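To start, the structure under review is shown below, and the notes come after it.
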Amino acid sequence: MYKKILTLLLSTILISCSTGNDKKIEKLIFHQYGQDCFGLCPTYHLEIKQNNEVRLHIETFPTYAPICKETGFRECNVVNDSSKIGFYKANLNTSEVSFIFNYLDSVRIDTMQNYTFDCSDDITVSYLYFTPNKSKKLLYECPSVRDYLLNGLTEFLQNLVSENKFQKTNEYFKIEDLKID
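Per the numbering used here, the very first residue in the sequence shown carries number 361; after that it's consecutive.
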């Protein structure tokens, strides 16, 4: 009887330890879609791996045409800054990567659901995360309305892109996207 209880106890401990590893997030993909935004919102795709590697694909990068400033914005149109469009790579420092993945764990991203809010003047973002046995996508339309748990992370990722820590590369790559569960 004692052996059976000990065996059951040990197997429970081993199973619970291995389950924790299955939930560890290995990779995060962040998509920002700016087409519904009122203003200058770029569309880009950012992939961050636990090994500090980061890839960025900027599809659109709207900016004001030079005539806007020349006329005090009386005449103005938005143009795409083609010098920013392309593929980029970088290595983040360990503290930045740790912050990102620890934050995802602390807000329990694995329990979050998709959220849609009917608005026409905000970006749409999606988070796609991967564990050893699972991948899940979260879609947030108008994240500033409801995305209070992920707002800090969204701003952190947007700042990473705007700080321009990336090196432009001629290498083409596709950053994954999944259909909504």
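Backbone N, C-alpha and C define an ideal beta-carbon position, used for all residues, glycine too. No experiment lies behind these values; they were computed from the predicted model shown.
| Query | Result |
| --- | --- |
| 7 Å Cβ cutoff met for residue 384 and residue 415 | no |
| Check whether residue 388 and residue 463 have beta carbons under 7 Å apart | no |
| Status (buried if at least 16 other CB within 10 Å, exposed otherwise) for residue 532 | exposed |
| Residue 368 versus residue 524 - alpha carbon distance | Caution applies to residue 368, whose pLDDT of 38 falls short of 50 and renders its modelled position unreliable; the value that the coordinates give is listed next. Cα to Cα, the separation comes out at about 53 Å. |
| Residue burial classification, residue 401 (beta-carbon count within 10 angstroms, cutoff 16) | buried |
| Meets three-Cβ-pair contact criterion under 8 Å: the region 439 to 456 and the region 418 to 428 | yes |
| Of the listed residues 390, 469 and 444, nearest to residue 530 (C-alpha basis) | 444 |
| Within 7 Å, strictly: CB atoms of residue 412 and residue 452 | yes |
| Cut-off 6 Å between Cβ atoms - residues of its own chain near residue 393, not counting five sequence neighbours on either side | 403 and 484 |
| Residue 387, enclosing beta strand (DSSP E) - first and last residue | 387 to 393 |
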